[in-house]
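To keep things clear, I will list the structure first and then write my remarks on it.
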Amino acid sequence: MNITHASFLTLPVSDQDRALAFYTQVLGFEVRADRQVGSMRWLQVAPKGAQTVFTLSGPGMGDFLPGSTQGIMLVTADVDADCANLAAAGIEVSGPDDVPWGRMAGFRDLDGNGLMLLTEKEGL
0 MNITHASFLT
10 LPVSDQDRAL
20 AFYTQVLGFE
30 VRADRQVGSM
40 RWLQVAPKGA
50 QTVFTLSGPG
60 MGDFLPGSTQ
70 GIMLVTADVD
80 ADCANLAAAG
90 IEVSGPDDVP
100 WGRMAGFRDL
110 DGNGLMLLTE
120 KEGL
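For the sequence shown, position 25 matches number 24 in numbering that gives the first Met the number 0, and the numbering has no gaps at all.
Now the structure itself:
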């Protein structure tokens with residue numbers, strides 16, 4: 000096997016413009032692609048410098064159900080500060096809590112897709 004990385008993850012959303020605003024304005028992601036492909040909009044965002052991107056898949060782009068993606072782990076340098084920023088933006092956050100591998104919290108995007116924040120414990 001010669002796999003080097005995941006190219007993209009699909010996040011099913013009900014409204015691509017609303018999701019784009021959330022991922023760029025609240026989470027600070029950057030737009031990697033935004034173009035029409037036939038009747039569909041190919042929209043991808045990612046954290047700055049990330050190799051893997053998130054495809055914000057709107058209605059009509061496969062059989063994806065908005066809110067069905069769960070457990071995506073986002074690594075952050077400061078989970079507590081990020082949780083405070085999410086709460087200030089009106090996003091409900093679970094945690095942060097200490098876990099053996101670091102400090103972790105969970106939240107959902109506007110469609111209910113589940114994401115997690117992790118500040119990794121040094122030395123692991």
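Even glycine gets a Cβ: it sits at the ideal position worked out from N, Cα and C. It should be emphasised that the depicted structure is a prediction, and the values quoted were computed from it without experimental measurement.
Where residue i falls: helix, strand or coil (DSSP)
| i | result |
| --- | --- |
| V52 | strand |
| D81 | helix |
| L116 | strand |
| T9 | strand |
| D33 | strand |
| F63 | coil |
| Q69 | coil |
| A20 | helix |
| S86 | In the sequence as presented, Ser is not what sits at residue 86; that position holds Ala. Helix, per DSSP. |
Local Cβ density within 10 Å of residue i, reported as buried at 16 or more and exposed below that
| i | result |
| --- | --- |
| M103 | buried |
| V36 | exposed |
| D77 | exposed |
| P99 | exposed |
| D97 | exposed |
| P151 | Outside the displayed range of the chain (0 to 123) lies residue 151, so it cannot be described from this structure. |
| S93 | exposed |
| S56 | buried |
| G105 | buried |
Test: residue i CB closer than 8 Å to a CB of chain B
| i | result |
| --- | --- |
| F63 | Note that chain B does not occur in the displayed structure, where there is just one protein chain. |
When the options are compared against residue i, the one with the closest alpha-carbon
| i | options | result |
| --- | --- | --- |
| P46 | E121, R17 and L26 | L26 |
| A86 | Q15, D108 and E119 | D108 |
| Q50 | F28, R40 and R34 | F28 |
| Q43 | L64, D62, T9 and M60 | T9 |
| G122 | A83, Q69, Q24 and G101 | G101 |
| S13 | L116, R31, N112 and L117 | N112 |
Exercise for the section: Report yes or no: do three or more beta-carbon pairs, one from the stretch 12-25 and one from the stretch 67-74, lie closer than 8 Å? Expected result: no
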